[in-house]
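S.K.:
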Amino acid sequence: MPKKRSGGGLSATQQAAKFLGVSVLAGAVLAGIALPAVGALGLAAKGSVESFDELPANLKTPPLSQRTTILDAEGGMIASVYSRDRTVLDLKDISPYMQKAIVAIEDARFYQHGAVDLKGILRALNKNAQSGGVSEGASTLTQQYVKNVFVEEAGDDPTKVAQATQQTLGRKIKELKFAIQVEEELGKKKILENYLNITFFGQQAYGVEAAAQRYFSKSAKDLKLQEAALLAGIVQSPSRYDPINDEAEATKRRNVVLQRMADLGDVSQQEADAAKKAPLDLKVHRPENGCITAVKGASFFCEYVKHVFLNDPVFGKNREARAKIWNRGGLTIKTTMDPKAQKSVQASLKQHVYKSDKVAAAATLVEPGTGKVLAMGQSKPYGSGKNQTELNYSVDAAYGGSNFGFPTGSTFKPFVAAAALEEGRPPTQEYSSPYQMQYPSPVQTCDSKPWTNLRGEKLENESESEHGPYRLRKAMELSVNTYFVQMIADIGLCPVVNMTDHLQVRQGNGDKLPERPAIALGSVGLSPLTMASAYAAFASRGMYCTPVAIEAITQRVGDQQKTLEVPKSTCSRAMSEKTADTVNSLLQGVVDSGTGKEAGLTSRDSAGKTGTTDERRNAWFVGYTPNLSGAVWVGSATQKVKMRNIYIGGQYHDLVYGGRVPGPIWRDAMSGALEGKPADQFHTVHIPDEDEDRDKGRGDDDDDDHGRGDDNGNGDGFIGGLVGGANGGGAANGGTGGPEPDPSVSIPEGFWRGQSNGNGTGGRG
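Start counting the sequence shown at 226; every next residue gets the next number (our numbering).
Here's what the structure looks like:
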């Protein structure tokens, strides 16, 4: 075994061997460059190095990854996101000091040699052989640029990055070949510009502009001599010369660069000496990246935009291709978000529900007739800390939301009514609507096999005094469960499912709705965006428009800007105008004198529906005006909190229901969003009043303190009232004082997933 010298260096034998190896490499490289037609270089084992002539002649330069800017509908900044923080500049926008400093320290003969510095190679060979190590490199700035291109092309793939940086002779030969091509095609100034834009300066800063902002909070064009020297010195080893973590080492390196500039005549010795004495004077600007930095509480909307991009085939043939475009960045995305509407939503949520509450709230606003998502927010801020969540309660699982959405309670009933009206049932349709009944059986489905009530499941209204007969208008105002189940038995399940298909109402996991009568009571989990978009069809007289969040995208590729195609809203007729106008008339009654009185708007036409689910685990209000639709959900993402005797937003509630907490959130959010906009009126139809004698002695508001209609949680919810009085359904005590019903619907494990206070887990409803 060779012996080392006392100083710890290589022995004479090792030095000789190393020098011989490097000399052979240099000779081979020079021969390969001088005589490329000779063929294989023969520098290593078979297969390790390609023939110089066989290497591709053109370096495929990938577009440099840059920041993506997300804007609201008025052009205001929402957030900046990036895979690599970079802003590409022209050379004229980079300080001359910076240009001189990087050349001085990285490749002093840059303007004198070609792609390869033969003198530099010989000098490095001699110096390294004398030192017994690698004390000096010989790569030109052009070669370094080519290497950076390989790294950029590798992206975040660790395997490809390793291949792009591996210390093999084969890679070096490729680097040399491409460097020759780059020198011929680009010229020195463009190479320098590209190098300054592509190279890594540490602290997540790629390119000189990002570096100048990171360390000095200024643009690269404004860099002083000592600042430029500091940045130039970092490039060789961004971790070793990091001025934030090791100021002394970074200062020493900066002064080396300054002296090198003086030696080359780029600056005078006097200038260099003065710059050496200057303090680093860092003004560090920490990187702000991602939707967590979004303004106006729009982090969840920002994340939704990202998921739309990654999911929509208009941006690429598969998710991998779309992700590559997103990570490359350089996009300017103009969205549909209305800053005034977004501000109003967040202000209302903050006022009515605290982020530290046991429950959360989410709200989404959609424009009827266009599908534009104007606002999206929730009470728990975006993040992974306490009282935060990264789960978007407003959207489906594919867009960062809940696995299955949240049961909607009686907010589903307008879909049943619309289906019946489309089937020809009149708005005066009457059913016996008893207090309690078994689910009708059999009920026709879309296939030949009907649904049957094999277990004798029952449902009931809120109290024994609530029994029919009822007509549709009063049944909608009071949210009478048995009425709508009888309606489904009359028309069958298929018209209801067809209606929800036209409205693109899907479960949070994307599945179609199950064909069973309990869907009339909101037994399936849906998202606020789904509900707001569906109700928008009522406002637009039966036209359903798919939700859209992106209006336009431009992408910078090199020096060029190009426009990308974006997904458009697809509008189609979901129901007749007459049906939509009739639903508008019905739901106006809900906010005028029914369960949603606390949500009604006083200055303009409004309509909507409340919903409260089993054991008060979810409460909803979904409503609209002629020009804006919105959905508000309140509950626990884990579905573990029963909203009884609970403080929400600093207010005590003995019972929470759709008209009490979600309703006021909707009212305040809509009021602010619509301020200054035209107060359009609905198209309505006249619905004859039913016999008033039937309502003597019966209140008309199931959302008051007596707990009527859909607000007990037993009869209007996810599984409320499916078990008869003998099993604890509450019939013997008028539905208000008896024990809570036992759920008779099996809920699979993991039906919901979510976060409560930032770290919740899946629960059962």
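In this text, a Cβ means the ideal position worked out from N, Cα and C, and glycines have one as well.
1) Considering only their Cβ atoms, is the gap separating valine 328 from leucine 366 smaller than 8 Å?
2) In chain order, what residues of the same chain lie with their CB nearer than 8 Å to the CB of leucine 728, ignoring the 5 residues before and after it?
3) Helix, strand or coil: which one does DSSP assign to tyrosine 336?
4) Please classify glycine 630 as buried or exposed, where buried requires at least 16 neighbouring CB atoms within 10 angstroms.
5) Smallest Cα separation from valine 749: which of Leu343, Lys583, Ile912, Ser627?
6) Would you report the Cα separation of alanine 497 and glycine 458, rounded to the nearest angstrom?
7) Can you give the beta carbon distance from lysine 413 to tyrosine 336, rounded, assuming they're within the 8 Å contact cut?
8) Count the other CB atoms within 10 Å of the CB of histidine 911; is the residue buried (16 or more) or exposed (fewer)?
9) Would glutamate 687 be called buried (16 or more neighbouring beta carbons within 10 Å of its own) or exposed?
10) Start and end of the alpha helix (DSSP H) containing phenylalanine 709?
11) Just list the alpha helix (DSSP H) runs in the region 713-743, keeping only unbroken ones of 4 residues or longer that don't cross its boundaries, in chain order.
12) Where does the unbroken alpha helix (DSSP H) through alanine 457 begin, and where does it stop?
13) Quick check on DSSP: helix, strand or coil for glycine 257?
14) If we ignore side chains and look at the alpha-carbon of each, how far apart do proline 792 and valine 539 end up?
15) Which stretch, first to last residue, makes up the beta strand (DSSP E) that contains histidine 878?
16) Does the beta-carbon distance from methionine 701 to lysine 683 come in below 8 Å?
17) Can you tell me which of Phe709, Ile330, Asn373 puts its alpha carbon nearest to the alpha carbon of glycine 288?
18) Using 10 angstroms around the beta-carbon of methionine 302, count the other beta-carbons present and answer buried if the total reaches 16, otherwise exposed.
19) Using alpha carbons as the reference points, say which of Ser666, Thr863, Pro632 lies closest to lysine 674.
20) Who are the near neighbours of alanine 600 in its chain, counting only those whose CB is closer than 6 Å to its CB and skipping five residues on each side?
21) Given that a residue counts as buried once 16 or more other Cβ atoms are within 10 Å of its Cβ, and exposed if not, what is alanine 777?
22) Could you check what DSSP says for glutamine 429 in three-state terms: helix, strand or coil?
23) What does proline 632 pair with, by DSSP beta-bridge criteria?
24) Assuming asparagine 809 and histidine 908 make a contact with CB atoms under 8 Å, what is their CB distance in whole Å?
25) So what's alanine 904 in DSSP terms, helix, strand or just coil?
26) Would you kindly work out how many angstroms separate the C-alpha atoms of alanine 473 and valine 482, rounded to a whole number?
27) Could you tell me whether the region 302-320 touches the region 543-558, using the rule of 3 or more Cβ pairs below 8 Å?
28) Quick one: what's got a C-beta closer than 6 Å to alanine 743's C-beta in the same chain, skipping five residues either side?
29) When you compare each of Glu647, Ala642, Lys605, Asn852 to tyrosine 708 by their alpha carbons, which one comes out closest?
30) Using a Cβ-Cβ cut-off of 6 Å (strictly less than) and excluding sequence neighbours within five positions of glycine 883, which residues of its own chain qualify?
31) Taking Cβ positions, are tryptophan 676 and arginine 741 nearer each other than 8 Å?
32) Bridge partners for threonine 850 per DSSP, in chain order?
33) Exposed or buried, what is valine 433 when buried is set at 16 or more other beta-carbons lying within 10 Å of its beta-carbon?
34) Report all residues from its chain with a CB closer than 6 Å to the CB of glycine 940; omit the five preceding and five following residues, and keep chain order.
35) Quick one: grab the DSSP three-state call for glycine 515.
36) Could you tell me whether the Cβ of asparagine 852 comes closer than 8 Å to any Cβ of chain C?
M.R.: Quick look at the numbers:
1) Your numbering for residue 366 matches position 141 in the sequence shown. Your numbering for residue 328 matches position 103 in the sequence shown. Yes. Within cutoff.
2) Position 503 of the sequence shown, counting from 1, holds the residue named residue 728. Phe640, Ser758, Ala759, Ala762, Tyr769, Ala799.
3) Taking the sequence shown and counting its residues from 1, the one referred to as residue 336 is at position 111. It is coil, neither helix nor strand.
4) As a first step, residue 630 is located in the sequence shown; it is residue number 405 there, counting from the start. That one is buried.
5) Taking the sequence shown and counting its residues from 1, the one referred to as residue 749 is at position 524. Comparing Cα positions, the closest option is Ser627.
6) As a first step, residue 497 must be located in the sequence shown, where it is residue number 272. As a first step, residue 458 must be located in the sequence shown, where it is residue number 233. Taking the straight line from one Cα to the other gives about 15 Å.
7) Taking the first residue of the sequence shown as 1, we reach residue 413 at position 188. Taking the first residue of the sequence shown as 1, we reach residue 336 at position 111. So it is a contact: roughly 6 Å between Cβ atoms.
8) Within the sequence shown, numbered from 1, the residue matching residue 911 stands at position 686. Classification for histidine 911: exposed.
9) Locating residue 687 in the sequence shown gives position 462, where the first residue counts as 1. Result: buried.
10) For the purposes of this step, residue 709 is identified with residue 484 of the sequence shown, where counting begins at 1. From DSSP, the alpha helix (DSSP H) with phenylalanine 709 extends over 706-716.
11) 718-727
12) One-based indexing of the sequence shown puts residue 457 at position 232. Note, alanine 457: alpha helix (DSSP H), 450-459.
13) Counted from its first residue, the sequence shown places residue 257 at position 32. Residue placement at glycine 257 is flagged as unreliable, the pLDDT there being 41, under the threshold of 50; the coordinate-derived value follows with that caveat. Reduced to three states, the DSSP call for glycine 257 is helix.
14) Reading the sequence shown from its first residue, position 567 is the one you call residue 792. Reading the sequence shown from its first residue, position 314 is the one you call residue 539. Rounded to whole angstroms, the gap between the alpha carbons of proline 792 and valine 539 is 6 Å.
15) Locating residue 878 in the sequence shown gives position 653, where the first residue counts as 1. Taken as a continuous stretch (DSSP letters only), the beta strand (DSSP E) holding histidine 878 covers 876-880.
16) One-based indexing of the sequence shown puts residue 701 at position 476. One-based indexing of the sequence shown puts residue 683 at position 458. Contact: no.
17) Numbered from its first residue, the sequence shown carries residue 288 at position 63. Looking at the sequence shown, residue 288 is not glycine but proline. Ranked by Cα distance from proline 288, the options Phe709, Ile330, Asn373 are led by Asn373.
18) To locate residue 302, count along the sequence shown from 1; it is residue 77. Burial call: exposed.
19) To locate residue 674, count along the sequence shown from 1; it is residue 449. Among Ser666, Thr863, Pro632, the Cα nearest to that of lysine 674 belongs to Ser666.
20) What you label residue 600 is simply residue 375 of the sequence shown in a count that begins at 1. Correct list, in chain order: Ala566, Gln567, Val570, Leu590.
21) Against the sequence shown, residue 777 aligns to sequence position 552. Label assigned to alanine 777: exposed.
22) In the sequence shown, residue 429 corresponds to position 204, counting from 1. Three-state result, glutamine 429: coil.
23) For the purposes of this step, residue 632 is taken as residue 407 along the sequence shown, with counting starting at 1. According to DSSP, proline 632 bridges with Gly750.
24) Counting from 1 along the sequence shown, the entry for residue 809 is found at position 584. Counting from 1 along the sequence shown, the entry for residue 908 is found at position 683. Yes, asparagine 809 and histidine 908 are in contact; Cβ-Cβ is about 7 Å, under 8 Å.
25) Along the sequence shown, one-based indexing puts residue 904 at 679. Looking at alanine 904 - three-state DSSP - the assignment turns out to be coil, as it is neither helix nor strand.
26) Position 248 of the sequence shown, counted from the start, is the residue given in the question as residue 473. Position 257 of the sequence shown, counted from the start, is the residue given in the question as residue 482. Looking at the two C-alpha atoms, the distance is approximately 15 Å.
27) yes
28) Here residue 743 refers to the residue found at position 518 of the sequence shown. Result list for alanine 743: empty, nothing under 6 Å.
29) Looking up residue 708 in the sequence shown gives position 483. Nearest neighbour of tyrosine 708 by Cα position, chosen from Glu647, Ala642, Lys605, Asn852, turns out to be Ala642.
30) Indexing the sequence shown from 1 puts residue 883 at position 658. Within the same chain, glycine 883 has close Cβ partners Thr835, Gly836, Thr837, Ala844, Trp845, Phe846.
31) For the purposes of this step, residue 676 is taken as residue 451 along the sequence shown, with counting starting at 1. For the purposes of this step, residue 741 is taken as residue 516 along the sequence shown, with counting starting at 1. Cβ atoms of tryptophan 676 and arginine 741: closer than 8 Å.
32) Residue numbering aside, residue 850 sits at position 625 when the sequence shown is read from its first letter. Leu853.
33) For the purposes of this step, residue 433 is taken as residue 208 along the sequence shown, with counting starting at 1. The residue in question, valine 433, is buried, as its Cβ has 16 or more Cβ neighbours within 10 Å.
34) Here residue 940 refers to the residue found at position 715 of the sequence shown. Confidence at glycine 940 is low in this model, with a pLDDT of 35, below 50, so its placement is unreliable and the value that follows should be read with caution. Result list for glycine 940: Glu685, Asn686, Glu687, Asn706, Gly946, in chain order.
35) Translated into the one-based positions of the sequence shown, residue 515 becomes position 290. Of the three classes helix, strand and coil, the one that applies to glycine 515 here is coil, per DSSP.
36) Chain labels in this structure do not include chain C; a single protein chain is all it has.
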